[in-house]
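A short worksheet on the structure shown next.
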Amino acid sequence: MSVPPGLPQNLSAFDEGGSGEWLPEAPLKLYTNAFVLHGDKILLGLKKRGLGVNKYNGFGGKVESRESTLEAALRELKEESGITAPLELAGTLLFVVPGEKWAHIDIFRAENYSGTVTESEEMCPEWFNQASIPYEKMWETDRTWLPLLLSKRPFAVRADFGRNSAENYTLRRWWVGVHSPTV
């Protein structure tokens, strides 16, 4: 299958699923998500409020005006977990919901950090062994791309959702690609 609209064309398919046409293009809204690894562990946060409540995720949020995605990721990581880390871009997610701006999410990773991991008003951080990641308590698409993040393989994902209610989404279709080597 060809690369879906909105993603770079230098990708090779890694995983895909669902059915139907891709949703039409819409304006983008920028977000970030940061994951910190330490040995064979990954730091995830249990979301305490808002979109994704009671789900585990990385630490991130909206990119403010005049902020790069890296600056936003560093800010959000500090606000939500109390730590700083030398983040590197690992991949990109494109989440599409009918009638809404597309969510373009730059995914960052780090293998060390400084500071003390601390619970915030929004997130309750918790370390997990990589073999025990709680995928059943995460966004449905995470199990398709998180292994790529863990193995340091640059990736891009498009996921189209339907909306069941204000904060309840159903995954319609997804595509995960890995960056092809340049020749």
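When you number the sequence shown by full-length UniProt numbering, it's gap-free, plus one each residue, and the end is 183.
The beta carbon of each residue, even a glycine, is placed where N, CA and C say it ideally should be.
Note that the structure is predicted; figures quoted are calculated from it, not measured.
Throw me the rounded Cβ distance for the valine 96 and arginine 158 pair, which I believe falls under 8 Å. 7 Å
Within its chain, find whatever has a CB closer than 6 Å to the CB of arginine 153; leave out the 5 residues flanking it on each side and keep chain order. Val178
Any idea if threonine 144 is buried or exposed, counting beta-carbon neighbours within 10 angstroms, 16 or more meaning buried? buried
For glutamate 126, the three-state DSSP class (helix, strand or coil): strand
Spatial neighbours of isoleucine 81 within its chain, please: CB distance less than 6 Å, with the 5 preceding and 5 following residues excluded, ordered by chain position. Note on identity: in this sequence residue 81 is serine, with isoleucine being the wrong assignment. Closer than 6 Å at Cβ, skipping near neighbours: Phe59, Val117 and Pro125.
Return the Cβ separation of asparagine 10 and methionine 138 in integer angstroms, given the expectation that the two are a contact with Cβ distance under 8 Å. About 28 Å; that fails the 8 Å criterion.
Cα separation between arginine 173 and methionine 123? 28 Å
Euclidean distance between Cα positions of arginine 75 and tryptophan 175: 29 Å
When the distance is taken between beta carbons, is histidine 104 closer than 7 Å to leucine 30? yes
Span separating the alpha-carbon of tyrosine 169 from that of proline 98: 11 Å
Assigned exposure category for valine 183 - 16 Cβ within 10 Å defines buried: Confidence at valine 183 is low in this model, with a pLDDT of 47, below 50, so its placement is unreliable and no value can be given for it.
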